[in-house]
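Take a look at the structure below.
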Amino acid sequence: MDAQVLISFAQVLLVVIFGLVCLNLYLVFRLKEIDPFARWNPSSINGAMFMGFWIVGVIAIIWTTRVWWDEMVMVHSAVSEQGQRIDGMFWRTMAVSILVVLITNTLLFYYAWKYRSKPGRKAYYYPHNNKLELLWTVVPAIVLTLLIFDGVSAWHDIMGKHPEDSVEIEINGKQFEWTFRYPGADNEFGETHVKYINDGTTNSLGFNLKDRKGQDDLVTTELHLPVGRPVKFTIKSRDVLHSATLAHFRMKMDAVPGMATHFWITPTKTTAEMRAETGKEDFNYELSCQQICGSAHYNMRRIVVVETWEEYQNWLSQQTPFYTQYQQINGGNTADAAAAEPVNVALSPQP
Amino acid sequence: MADEKQITHGSSSFHDEMAEHAHAHHDDHHHGNFITQYIFSTDHKVIAKQFMFTGIVMAILGVSFSLIFRLQLAFPDTSFPFLETLLGKWAPGGHLDPSFYLALVTMHGTFMVFFVLTAGLSGTFSNFLIPLQVGARDMASGFINMLSYWFFFASCVVMIISLFISTGPASAGWTIYPPLSALPQAIPGSGLGMTLWLVSMALFIVSSLTGAINYITTVLNLRTEGMSMDRLPLTIWAFFLTAIIGVLSFPVLFSAALLLIFDRTLGTSFYLSDIFIGGELLHYQGGSPILFQHLFWFLGHPEVYIVLLPALGITSEVVSVHSRKPIFGYKAMIGSMIGITILSFIVWAHHMFVSGMNPFLGTIFMLFTLVIAVPSAIKAFNYIPTLWKGNIQFTPPMLFAIGLVSFFITGGITGIFLGNAALDIPLHDTYFVTAHFHLVMGSASAFGFFAGIYQWFPKMFGRMMNKRLGYIHFWFTFISLYLVFFPMHFMGMGGVARHYYTNTAFQFMEAFLDIQVFITIAAFIGGIAQFIFLWNFIYSIFWGKTAPANPWKANTLEWTTPLHPKHGNWPGDIPKVYRWPYDYSKPGIKEDYLPQHIPDDEVEYEEGYMPDTKIPEREEIPQRERDTEETE
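For the protein sequence lines, the chains are P and Y, in the order given.
According to the numbering used here, the residues represented by the first sequence are 1 to 351, in order.
According to the numbering used here, the residues represented by the second sequence are 1001 to 1632, in order.
Rendered as structure tokens:
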């Protein structure tokens, strides 16, 4: 601790000394009316700095891309069919962008350097050229049209109707955790609504306990997905906006209170395969929230497990249905269900 | 200075002019005391400076907020005791509180977008330049113009007050999406802090509307003789179109805010439905949070252009003056700005691709969004041939203008990723977005602001700013802004989410902690470099070298006013205009500039050049042929 204080003190002292030296030099120069920089030509310096900045910048960008390539998992090696399509499009767009940025920035900095002011130079009067204007109206328009075609068709397919044989899973958001619901043996979700919510009796998803379809529903805190099967998510929130993000699968959709949203993906790699591939034994897919939702927004994490169909079925069969858990905790009394009957809140006064 | 003032005061020609125009408010300074002259002034030049000073103060605050939360992002586990001293209960033990982190993010966004880049930029330069460059004695209504500033000032005061209340300032992000912004149970900042935010914003909207109406009226009605719309400097075109966007879009933000106020105080359900929070079921039914997003972004997207167009207008002027060349494609520039203005109203929902709105809407907005990229591209491309074969004077405003063009290109290009709905799925709400808009809207517009200040400082204060300090300021700012925002693209490509208090909670974000440290260091260097500007700015106001009448040898009308123009701008007649403002280095003309107010028969030609009224046309024909040969 003392050493730290000493070091900080020394640092401050150095800054002060540096400042005093600068001030001293400035005063001396001023007193003697010397201009130490008089021979520096601002045109050459600034022009050269622009060129230098650009060259160093491009090298730095290439180097950074190489170093961080493995970490930029959101733009390559997606693990869903939809994601692979998005990644392809990303790199096509990137190729266009790199070309445009390189050409325009290079010309900008090169011209700034090349046509820097020199004695005797007169600028060339060149107010317009309609052919050039036409060129850079039509070319971007064509390129953008191609990108739009690409984008519209991908968007349409990704947002389109999920296949009939999809596995259905519900993602429920609240401050600050995600909960998942599987439809159980009957493959149908029971009715839920915020008016049935009672955190005290663990009914935090708001099951209508009278709905028989809900009696075999599974409620879990870990998201398991079968590989190679389309999975359709229904996304809900009970308080504020959240955004269910499965970054590796290129899925993101807001959870909106009062409204269910949907997204479907087809995972292509199991967690085990990814662990083998990346060499990280503790690798996990993760679900995050990416719509600002409150103080612990940064921490709404759930682990996502992708596994083979058999493993998935096996895992499902090990889970206890919510209704059974509920009865164990609340004494199995059906009167409870009646007690959970909601009061009509529509007309109650505001708080 | 005092003598000079006396002389101009007593100048008979000014009195004659006053009598002719019979504008009562021009007499202000005769009876004016300190208060009417410098505080409740109706002189557009004083109001412009008021906007500028307030904008600079707000910018210092806004940037400081970002530096504080940058510390948290780079060093999530380190304790900074000075934060506790500064923020008290919001940084217990020197660690920033997570909800106060969000409050800082929100305030940074609000301050920078609204108070600095909207009011600070547009308010300063629209006010200062519109009357001076169109040749008017003042705005159409000096009084309403004064109100515009004071509403803005009140708005700033309310927003600053909200920083000091016990529940903290608004914390739901600058976009204040409900239900988070509507429910104090959801986050403490949504209590009184949010109420003050909404009140402040209502005042701000009044300020913006009164200002914009004045700008539009002045440009349309008070142009001097000969100043047709196709002879306006591009600055004025930009301010004019910006004001039109503001008038049409800010009222929608007002309605959005009003409905949110109703939901918060009267218990209506415009935006809220089916909410269970804090252990109780709320009564709201049937509202939709997405409705708010539509209303907000109906302003929010045009707002981007409200911020950007003035900066681009300033750049067009600065690049042309300091390249000693006409701006390339004057009419194409105007056309593309008009295109941007119109299209800016029909692209708003590209902020909402994954909000849960109908995906079909996403398709439509993707189409319009990529269409708006075309006029933006035209603007960017036109700057480059303006530099080509120029005689580039590296003055501080020119450096900032070139920097702006670079930011505009580099930041703008990522718009075609984000405007594509399918690509927006992985990139939405990641640092990729942060990088995009901080470069194209934040950095570019800030550079427009700096370019404008360095360019028109001599007209504002009659003194020059120090050139060398300007260079140092530019290079530190330019490089550090790139170092701060460019790496954020990589973070976005790694999926790191925005608005995260720390990115250590997720495996796939952890790798980017080093980069956060790097960015924070760059941000601090850039932030500290602004003191060079502040020093230069304040020192030069009082002790800078006295400016020549036309320091940049520019063509526009503001340089025909006296060194310290009084209320009324020109002591004698308002100059007439004979040509467009970009006749730089015109062949056959003696000087390399030809101001707008010089009559044709007073133009000085080069020796041996045969003056002829038809010359400009004759000159253009062979020149055009030469051009096409050279470009092909």
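Using N, Cα and C, we set each Cβ at its ideal position, and we do this for glycine too.
For clarity, every value in this text was computed on a predicted model and none was experimentally measured.
By alpha-carbon positions, which one of 248(P), 168(P) and 289(P) ends up nearest to residue 437(P)?
This structure gives no information on residue 437(P), because the portion of chain P shown stretches from 1 to 351.
Straight-line CA distance for residue 1596(Y) to residue 1578(Y)?
6 Å
Around the Cβ of residue 1047(Y), are there at least 16 other Cβ atoms within 10 angstroms (buried) or fewer (exposed)?
buried
Looking at C-beta atoms only, is the number of pairs between the stretch 247–261 of chain P and the stretch 72–92 of chain P that lie closer than 8 Å three or more?
yes
With DSSP collapsed to three states, give me the class of residue 251(P).
strand
The stretch 53–73 of chain P: positions lying closer than 8 Å to chain Y by Cβ
53, 57, 61, 64, 65, 68, 71, 72 and 73
Note down the Cα distance separating residue 1467(Y) from residue 39(P), rounded to an integer number of angstroms.
15 Å
Any idea if residue 14(P) is buried or exposed, counting beta-carbon neighbours within 10 angstroms, 16 or more meaning buried?
exposed
What three-state label does DSSP hand residue 293(P) in the structure shown?
coil
Would you call the stretch 1352–1364 of chain Y and the stretch 1423–1431 of chain Y in contact, with 3 or more CB pairs under 8 Å?
yes
Just to confirm before moving on: does the CB-CB distance between residue 175(P) and residue 296(P) stay below 9 Å?
yes
Whether or not the stretch 1115–1135 of chain Y and the stretch 1201–1209 of chain Y are in contact is what I'm after, with contact meaning three or more pairs of Cβ atoms, one per stretch, closer than 8 Å; do they touch?
yes
Which first and last residues belong to the alpha helix (DSSP H) in which residue 77(P) is found?
Careful: residue 77(P) lies outside any alpha helix (DSSP H) and carries neither H nor E.
Exposed or buried, what is residue 348(P) when buried is set at 16 or more other beta-carbons lying within 10 Å of its beta-carbon?
Residue confidence is low: residue 348(P) scores 41 on pLDDT, short of 50, so the model does not pin down where it sits. No coordinate-derived value is stated.
Specify, as a first and last residue, the run of the alpha helix (DSSP H) that residue 1335(Y) falls within.
1330–1343
Spatial distance of residue 1592(Y) from residue 56(P) (CA atoms)
35 Å
Determine the extent of the alpha helix (DSSP H) in which residue 1365(Y) is found, giving its start and end residues.
1359–1387
Rounded to whole angstroms, what is the Cα-Cα separation between residue 1587(Y) and residue 42(P)?
27 Å
As assigned by DSSP and simplified to three states, the class of residue 1458(Y):
helix
When DSSP labels each residue in this structure, what does residue 1021(Y) get in the three-state scheme?
Residue placement at residue 1021(Y) is flagged as unreliable, the pLDDT there being 46, under the threshold of 50; the coordinate-derived value follows with that caveat. Note: residue 1021(Y) maps to helix in three-state DSSP.
Would you decide whether residue 254(P) is buried or exposed? Buried here means 16 or more other CB atoms lie within 10 Å of its CB.
buried
Rounded straight-line distance, which links the Cα of residue 1180(Y) to that of residue 211(P):
31 Å
Between 1113(Y), 1142(Y), 1115(Y) and 1114(Y), which lies nearest to residue 1127(Y) when the distance is taken from Cα to Cα?
1142(Y)
Can you give me the C-alpha to C-alpha distance between residue 19(P) and residue 31(P), rounded to a whole angstrom?
18 Å
If the cut-off is 9 Å on Cβ atoms, which residues from the stretch 174–185 of chain P count as contacting chain Y, listed in chain order?
174 and 175
Min CB distance residue 34(P) to chain Y below 9 Å:
no
Contact set for residue 1284(Y): own chain, Cβ-Cβ below 7 Å, skip 5 residues either direction
1269, 1272, 1273 and 1275
What residues in its chain sit with their C-beta under 6 Å from that of residue 1223(Y), if we drop five residues either side in the sequence?
1134
Please classify residue 33(P) as buried or exposed, where buried requires at least 16 other C-beta atoms within 10 Å of its C-beta.
exposed
Is the separation between the beta-carbon of residue 1604(Y) and that of residue 1459(Y) shorter than 9 Å?
no
Any contact of the stretch 1484–1496 of chain Y with the stretch 1513–1520 of chain Y, i.e. 3+ C-beta pairs under 8 Å?
yes
Please list, in chain order, the chain Y residues whose beta carbon lies closer than 7 Å to that of residue 253(P).
1354 and 1356
Rounding to the nearest angstrom, what Cα-Cα distance links residue 167(P) and residue 204(P) in this structure?
23 Å
Would residue 240(P) and residue 1439(Y) qualify as a contact pair, given that the criterion is a beta-carbon distance under 9 Å?
no
Is the CB of residue 3(P) under 9 Å away from at least one CB in chain C?
Structure shown: chain C not included; protein chains present are P and Y.
Roughly how many angstroms lie between the CA atoms of residue 1415(Y) and residue 1374(Y), to the nearest whole one?
12 Å
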